[in-house]
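Residues are numbered in my numbering as their position in the sequence shown, beginning at 1, plus a constant of 283.
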Amino acid sequence: MLTKTAVAGLAASALLASVAFAQQSPSATTDSATTAAPAAASDTSSFKGNWRTSKMVGLNVYNDSNESLGSINDLLADKSGDIKAVVIGVGGFLGVGEHLVAVPIDKVKFVDEPIAYTGTAGAPATGGARPGTTGTSTTTGAAPPAPAAAPKKNPWYPDHAVFSATKDQLKSMPEFKYSTE
């Protein structure tokens, strides 16, 4: 048993030593051009204004009337990496019975601001007490509730997407299938 523990400890220390050796700074003989190139490639300020495609998958898709159509299931790119189409999942529940439709990327509009609902925000719910009341009368001189603070926009992905169609029009489009042919 002591031998197994000693061998495991020796292996672990050798592993840690190799990791530490790999993390050492470059030697003094390397020229400045080779060390400057990786720093410039990882500079995040050069990518400002670009969106993360991993965050765009799953975005809600609405039409021009703010009706929910579905969500983005995938983004299709050509061999040069340019996104050519958006795969939208329409209908279904938790992916079951969902109708997939591929639409050209130039037909989809990405929006940074949240959906503007036309309902009355902050109106009290019917049939119950308003939150924050403890039985005291607030009918005279009561100030309306303060609006909730707007969420901060994330510069790395849009809030939602807009596609000019109805849910029925999307369901009647040919279904997109991932084929290997």
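We put the beta carbon where it would ideally sit given N, CA and C, even for glycine.
Exercise. Which residues does DSSP pair with residue 358 in a beta bridge?
Worked result: Here residue 358 refers to the residue found at position 75 when the sequence shown is read from its first residue. The partner list for residue 358 (beta bridge, DSSP) reads 369.
For this session: Reducing DSSP to helix, strand and coil, say where residue 329 ends up.
Result: Counting from one through the sequence shown, the residue named residue 329 turns up at place 46. Here residue 329 sits in helix by DSSP.
Problem set entry | residue 373 and residue 353 closer than 8 Å at C-beta | The count along the sequence shown starts at 1 and reaches residue 373 at position 90. The count along the sequence shown starts at 1 and reaches residue 353 at position 70. Contact flag set, yes.
Problem set entry | Range of the contiguous alpha helix (DSSP H) that encloses residue 453 | Working through the sequence shown from its first residue, we reach residue 453 at position 170. From DSSP, the alpha helix (DSSP H) with residue 453 extends over 450 to 455.
Problem set entry | CA nearest to the CA of residue 331, picked from 351, 397 and 440 | As a position in the sequence shown, residue 331 is number 48, starting the count at 1. With distances taken between Cα atoms, residue 331 lies closest to 440.
For this session: Work out the CA separation of residue 339 and residue 346 for me, nearest whole Å.
Result: Start at 1 with the first residue of the sequence shown, and residue 346 comes out as number 63. Start at 1 with the first residue of the sequence shown, and residue 339 comes out as number 56. Their Cα atoms are separated by approximately 17 Å.
For this session: Taking residue 368 and residue 386 to be in contact with their CB atoms under 8 Å, please state how far apart those CB atoms are, rounded to whole angstroms.
Result: In the sequence shown, counting from the first residue as 1, residue 368 sits at position 85. In the sequence shown, counting from the first residue as 1, residue 386 sits at position 103. About 6 Å; that satisfies the 8 Å criterion.
For this session: May I ask which residues mark the beginning and end of the beta strand (DSSP E) holding residue 392?
Result: Within the sequence shown, numbered from 1, the residue matching residue 392 stands at position 109. Residues 391 to 394.
Exercise. Sorted by chain position, which residues of the same chain lie with C-beta nearer than 7 Å to residue 390's C-beta, five sequence neighbours on each side aside?
Worked result: Taking the first residue of the sequence shown as position 1, residue 390 is located at position 107. Counting only Cβ-Cβ distances below 7 Å, and skipping sequence neighbours, we find 446.
Problem set entry | Distance, residue 449 Cα to residue 336 Cα | Within the sequence shown, numbered from 1, the residue matching residue 336 stands at position 53. Within the sequence shown, numbered from 1, the residue matching residue 449 stands at position 166. Using only the alpha carbons, I get a separation of about 25 Å.
Problem set entry | Residue closest to residue 443, alpha-carbon to alpha-carbon, out of 344, 379, 357 and 458 | Locating residue 443 in the sequence shown gives position 160, counting from the first residue. For residue 443, the nearest C-alpha among the options comes from 344.
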